[in-house]
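Sequence positions in the sequence shown follow the UniProt record's numbering and run 1 to 181.
Each residue gets a CB set at the ideal place from its N, CA and C atoms; glycine is no exception.
What you are looking at is a predicted structure, and each value in this text was computed from that prediction instead of being measured.
These notes concern the structure reproduced below.
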Amino acid sequence: MRRLGRASRGHIQRGGVIAYPTESCFGLGCDPLHPQGLQAILRLKGRPQRKGMIVVAASLDQVRPLLRPLSQADEARLMQYWPGPYTFLLPAARRVLPMLRGKHPTLAVRVTAHPATVALCRSLGPLVSTSANRSGKPSIRDARNCRRQFGTGVQVIPGRVGRARKPSTIIDFASGRILRG
Numbered sequence: 001m002r003r004l005g006r007a008s009r010g011h012i013q014r015g016g017v018i019a020y021p022t023e024s025c026f027g028l029g030c031d032p033l034h035p036q037g038l039q040a041i042l043r044l045k046g047r048p049q050r051k052g053m054i055v056v057a058a059s060l061d062q063v064r065p066l067l068r069p070l071s072q073a074d075e076a077r078l079m080q081y082w083p084g085p086y087t088f089l090l091p092a093a094r095r096v097l098p099m100l101r102g103k104h105p106t107l108a109v110r111v112t113a114h115p116a117t118v119a120l121c122r123s124l125g126p127l128v129s130t131s132a133n134r135s136g137k138p139s140i141r142d143a144r145n146c147r148r149q150f151g152t153g154v155q156v157i158p159g160r161v162g163r164a165r166k167p168s169t170i171i172d173f174a175s176g177r178i179l180r181g
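Next comes the structure, spelled out in structure tokens:
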């Protein structure tokens, strides 16, 4: 993973896109602050910018720079769910690009429990995490189909997808409303 991490880090720092295993499927990822990477993911998926994308991390500390300050009580509430398959819409910091947050003032964030994704985030930092598929198509669950679908434009990180059969639950943190479950 160390050698792979170094190669992937350089790829991501240049605005490249990776495909990597998550809890339920392969995800497409890039540096959440790199406009070229964000544009590449939107183009690969055929996804409208207004929808926004999820950021996955190994810890809350990794995503703090992308968020407005949270109270200790809010952090404690989040940690009741994390690490795990829950994505929360949290107030985005000003530096977060509209391509990442979409038309929303919030950022979708998940602290993962998937071992391979945790290791990747520890090596590379927080990553965009959107399912590796074209919009409206089924999610991809293996590296070979990622290569087949996206070709050489995406660096595929080998590994096993978790056992989850559905994507993470998305919850609006302010209201508690479940948006995807």
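_Option in 110, 123 and 75 with minimal Cα separation from residue 10_ = 123
*Does the beta-carbon distance from residue 46 to residue 135 come in below 7 Å?*
yes
*In the stretch 93-120, which residue ranges form an unbroken beta strand (DSSP E) of at least 3 residues, counting only runs that do not cross its ends?*
106-111
*Taking DSSP as the reference, what is the three-state secondary structure of residue 134?*
coil
*Can you give me the start and stop residues for the alpha helix (DSSP H) that residue 183 sits inside?*
The first residue shown for the chain is 1 and the last is 181, placing residue 183 beyond what the model contains.
*Distance CB(residue 26)-CB(residue 89) smaller than 7 Å*: no
*Between which two residues does the beta strand (DSSP E) harbouring residue 150 extend?*
Run containing residue 150: none in the beta strand (DSSP E); it sits in the alpha helix (DSSP H), 143-150.
*How many Å lie between residue 85 and residue 100 at the Cα?*
20 Å
*Could you check how far apart the C-beta atoms of residue 37 and residue 52 are, in whole angstroms? I think they sit under 8 Å.*
Not really, about 15 Å apart at Cβ, beyond 8 Å.
_Comparing C-alpha positions only, which one of 87, 35, 105 and 79 sits nearest to residue 54?_
87
*Can you tell which of 95, 141, 109 and 167 has the C-alpha that lies nearest to the C-alpha of residue 126?*
109
*asked:* For residue 155, count the other beta carbons within 10 Å of its own beta carbon; 16 or more makes it buried, fewer makes it exposed. Which is it?
replied: buried
_Collapsed DSSP secondary structure at residue 157 in the structure displayed_ = coil
*Confirm, please, whether the CB-CB distance from residue 128 to residue 30 is below 7 Å.*
yes
*Would residue 170 pass as a contact of residue 180 if the rule is Cβ separation under 7 Å?*
yes
_Counted within 10 angstroms of its Cβ, other Cβ atoms place residue 153 as buried (16 or more) or exposed_ = exposed
*asked:* Helix, strand or coil, according to DSSP, for residue 10 in the structure here?
replied: helix
*Of the residues 17, 94 and 116, which one's Cα is nearest the Cα of residue 106?*
94
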